[in-house]
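Engineer: So the sequence shown is residues 136 to 250, counted in this note's numbering. A single structure is presented below for examination.
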Amino acid sequence: MKIDVTQDVLLRNPSEAPQLAHQGKETQAFRVYTTDYDKNDKIQKRVHEHYIAQHTFQTVEFVKSMHEKWLKFDHAEMEILPCLRILNSFVDESDPDVDVPNIVHAYQTAERIRE
Numbered sequence: 136m137k138i139d140v141t142q143d144v145l146l147r148n149p150s151e152a153p154q155l156a157h158q159g160k161e162t163q164a165f166r167v168y169t170t171d172y173d174k175n176d177k178i179q180k181r182v183h184e185h186y187i188a189q190h191t192f193q194t195v196e197f198v199k200s201m202h203e204k205w206l207k208f209d210h211a212e213m214e215i216l217p218c219l220r221i222l223n224s225f226v227d228e229s230d231p232d233v234d235v236p237n238i239v240h241a242y243q244t245a246e247r248i249r250e
């Protein structure tokens, strides 16, 4: 695959344009890490259950087993753009506030590092 880098492309940074749904929302309402959350809110429930599972199963033995499994780097070999496209299908259950593709976050991170 070849990419034409001779043409300028304007990328909009969604983090610099707040969503209308969040306007007027109190800061404390964005993340609720206690058990006192709205049980009817599917997103808060998902985030709460994610952290409960994470804190329950994140043991030294588990981390060592994941290191053994993943730090061999023998699962796939690919260039960065196909990898970023695959990451777009990944859903970070701990992040309820973001609904832009992961590739956008990758570019945001790269730009901040470059700065």
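Idealized CB from N, CA, C, for every residue including glycine.
Can you confirm whether the segment 212 to 232 touches the segment 175 to 192 when touching is taken to mean that 3 or more C-beta pairs between the two stretches lie within less than 8 Å?
Structural biologist: yes
Engineer: Any chance the segment 235 to 242 sits against the segment 190 to 208, with 3 or more Cβ pairs inside 8 Å?
Structural biologist: no
Engineer: Go through its chain and collect everything with a Cβ distance to LEU219's Cβ below 6 Å, but skip five positions before and after it.
Structural biologist: ILE238 and ALA241
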